[in-house]
Amino acid sequence: MKLEHRRELFSRLAELNPNPKTELVYSSPFELLIAVLLSAQATDVGVNKATKKLFAAANTPVAILKLGEAGLKKYISTIGLFNSKARHVMETCKILQDQYGGEVPETREALESLPGVGRKTANVVLNTAFGKPTMAVDTHIFRVGNRTGLAKGSTVRAVEDKLMKAVPPEYLLNAHHWLILHGRYVCKARKPECVNCVIRDLCQFKDKTMK
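For any residue, its number in the numbering used here is found by taking its place in the sequence shown, counting from 1, and adding 306.
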């Protein structure tokens, strides 16, 4: 896709939603980290229901460690894979308390060293909590990148690397949110709503649905 088309694409998404934000509810970098950890193979709505009660009771590494793993599970048992997630959260809280004074580190290397934190989670935290221009490629962004022609790739990392080069610099900070929301609500997996898409004339997807 040509630069002028890429710039126009993000211009339209920005006009539609000038200040895009994650749909996970959080009030600190730590809360965001825990919410993203819990969100793997789960919906943001489901995570928010659980963390609303959890964070009211414990929203620091020390407080969650005091709950204990069994106590934590009571709050997150409605979320898929809650047993392994509870273990990762407890291990992460201990490391944060012991090595970082209870604070969330601001480097990719440190974040990815935490149990249960992969590249995507690290990118979300770096972007959303610390305002760094990263691209957290989930299934939505992977789909949008390939369909539109913005960044075609067979792997998540390939799409991430191409998007980091393809997105005009002035849009890079918020691009991750625009693309996720576009994939979640418009460029859906089974039946994309191309008729309601503001970038359909720029999109290279051959099987557009116009009804």
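Just so you know, even glycine gets a beta-carbon here, dropped at the ideal spot from N, CA and C. Predicted model only: the values in this text are computed from it and were never measured.
Give the DSSP-derived three-state secondary structure of Gln403 in the structure shown.
Position 97 of the sequence shown, counted from the start, is the residue given in the question as residue 403. In the structure shown, Gln403 sits in a helix (DSSP, three-state: H, G or I).
Which whole-angstrom value is the C-beta distance of Lys438 and Leu432, which I expect to be below 8 Å?
Working through the sequence shown from its first residue, we reach residue 438 at position 132. Working through the sequence shown from its first residue, we reach residue 432 at position 126. Going by Cβ atoms, the distance from Lys438 to Leu432 rounds to 4 Å, so yes, they are a contact pair.
Compute the beta-carbon to beta-carbon distance between Ile385 and Val351, rounded to the nearest angstrom, for a pair I have assumed lies under 8 Å.
Stepping through the sequence shown from its first residue, residue 385 is reached at position 79. Stepping through the sequence shown from its first residue, residue 351 is reached at position 45. 11 Å between Cβ atoms; not a contact.
Identify whether Lys514 lies in helix, strand or coil by the three-state DSSP scheme.
Locating residue 514 in the sequence shown gives position 208, where the first residue counts as 1. In this structure, Lys514 counts as coil in the three-state DSSP scheme.
Could you spell out where the alpha helix (DSSP H) holding Asp507 opens and where it closes?
To locate residue 507, count along the sequence shown from 1; it is residue 201. First-last for Asp507: undefined, no H or E at that position.
Nearest by alpha-carbon distance to Thr445: which of Gly489, Leu387 and Leu478 is it?
Looking up residue 445 in the sequence shown gives position 139. Comparing Cα-Cα distances from Thr445 to each of Gly489, Leu387 and Leu478, the minimum goes to Gly489.
Under the rule that 16 or more other beta-carbon atoms within 10 Å means buried, what is Lys308, buried or exposed?
Against the sequence shown, residue 308 aligns to sequence position 2. So Lys308 counts as exposed.
State the Cα-Cα distance for the pair Gly424 and Val430, rounded to the nearest angstrom.
The residue given as residue 424 occupies position 118 in the sequence shown. The residue given as residue 430 occupies position 124 in the sequence shown. Rounded to the nearest angstrom, the two C-alpha atoms are 10 Å apart.
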